[in-house]
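Undergrad: I am attaching a structure below and will ask some questions about it afterwards.
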Amino acid sequence: MRVDADVVVAGAGPVGLAQALALQQAGLRVAVIAERWPEAWTHPAQVGLRVLALAPGPVALLRQIGVWESVAQARAEPVLAMDVASGHGDFDLHFLASQAGVPALAWIVEMDLLADRLAAAWRQAGGASYVDTGIAARELTDDGVILRLDNGERLRTRLLLAADGAGSALRQSAGIDCEQRDYAQAGVVATVQTAEAPAGRALQRFLSGGPLALLPLAGRSCSIVWSQPRARAEHLAGLPTADFLAELNVAAEGWHGGVVDSGPRAAFPLRLQLARRYTDQRLALLGDAAHQVHPLAGQGLNLGLADVAVLTELLQWAHRGGIDLGDPRVLRRYEWQQRPRNWRAAHVFDLLERIHAVEQGPLVRLRQIGMQAVDRLPAVKQWLVRQAVGRS
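My numbering numbers the first residue of the sequence shown as 211 and each following residue consecutively.
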């Protein structure tokens, strides 16, 4: 079958566009189909509510596809250290970028900025885009798949990649079930100001209602993600600023002199969702379409960009060897590599959330002792840091 594109990517979020760019640079013909296209980022004075903590591995991928420099020049802040506490009181764990031999544990970047820069790079690369339309139907043939779009157009391809988000219509149409857990929580997000500049230091405090993360931005600014039971999260998001700051300072315990101001707030529902398989005939899932995890470790997009790296390597290998990109053996290799990794990561985050949700009993003291013990074991700390930043 003559194809219009070797690979079609459904979805124009950061994962979908990064995948399209990586494959196009590898010499494949790629098209992107998106019901929505990223809005232009105009360097607003206020940092956006949705921020990402990008680990060094994903940053290396973004640099490879020619996007990272424009992101870093616009607005990106390094996390040089992280303090972790179980409950109230002193910190139990301290992580340093130097322990992992990296310039930063992570880089804090706005979602809208990253999406804008990826979209600009895709336009500059001359990639084919089908915007404001979705996939109405897909018809399998002996050597490809024909996609019928909502706008009436038809595309022929060897492989369809579903990067269409947690509510993936392509995953549902393929009959792929998901393991799910509703945390009955929402994450309160905001940009706040502290009395003292955090200077690249992040905070992760595990509290009974849910974890609180403060991520360093420029100057005295921080981005917060505060997971709380849903009703309380909505209450916090709607409080007058002074009342919200009072609640936040109790939780943050005067971190960097206390939080003195807050920008707009919002609350987003939290859930765990893991696809039970990642592939179907000439279809592969990646990013949130395959896995949605608790934000406590800030690993959601990092996992998605790891999918991109693995898929790119496998499809480039198949392309060079003259192997059909939609061959089940190629897709199975992707699933065998990524699904166990993502499953383990998601359940580690889930276990951390469950353990720290316990408010009374011996487990409370036991988890503090365990974290303090890890802090005194340099080899274990180094291993944990290297895992978190994407280094083996």
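Using N, Cα and C, we set each Cβ at its ideal position, and we do this for glycine too.
Check whether the Cβ atoms of TYR488 and GLU406 lie closer than 8 Å to each other.
TA: no
Undergrad: Using the Cβ count rule (16 or more neighbours within 10 Å means buried), how would you classify GLN570?
TA: Low local confidence applies: a pLDDT of 48 at GLN570 is under 50, so the model's placement there is unreliable, and no value is given.
Undergrad: Roughly how many angstroms separate the alpha carbons of PRO288 and TRP553, rounded to a whole number?
TA: 28 Å
Undergrad: ILE243: which of LEU231, ALA222 and ALA228 sits nearest, CA to CA?
TA: ALA222
Undergrad: For PRO224 versus LEU324, is the C-beta distance shorter than 8 Å?
TA: yes
Undergrad: Spell out the partners DSSP gives LEU365 in its beta bridges.
TA: LEU357
Undergrad: Which residues share a DSSP beta bridge with ILE416?
TA: The sequence shown places Phe at residue 416, not Ile. DSSP, once it has assigned bridges, lists SER296 and PRO421 as partnering PHE416.
Undergrad: Give the secondary structure of GLU249 by DSSP, where H, G and I count as helix, E and B as strand, and everything else as coil.
TA: coil
Undergrad: Count the CB pairs spanning the stretch 349-358 and the stretch 332-339 that are closer than 8 Å, and state whether there are at least three.
TA: no
Undergrad: Nearest to GLY468 by CA position, among ARG475, ALA477 and LEU458, is which residue?
TA: LEU458
Undergrad: Do you know how far the Cα of LEU535 is from the Cα of HIS529?
TA: 7 Å
Undergrad: Under 8 Å, Cβ to Cβ, is there at least one residue of chain C near LEU422?
TA: In the structure shown, chain C cannot be found, because there is only a single protein chain.
Undergrad: DSSP three-state label for SER378, please.
TA: coil
Undergrad: For the alpha helix (DSSP H) containing HIS445, list its first residue and its last residue.
TA: 440-448
Undergrad: Drop a sphere of 10 angstroms on the beta-carbon of LEU264, count the other beta-carbons inside from all chains shown, and report buried for 16 or more, exposed for fewer.
TA: Buried, by the Cβ-count rule.
Undergrad: Would GLN509 and GLN483 be called neighbours here (beta carbons separated by less than 8 Å)?
TA: no
Undergrad: Cα separation between PRO603 and LEU259?
TA: In the structure as shown, the chain begins at 211 and stops at 602. Residue 603 is therefore absent and cannot be evaluated.
Undergrad: Can you pull the DSSP bridge partners for ARG475?
TA: ALA400
Undergrad: Grouping DSSP H, G and I as helix and E and B as strand, with all else coil, what is THR489?
TA: strand
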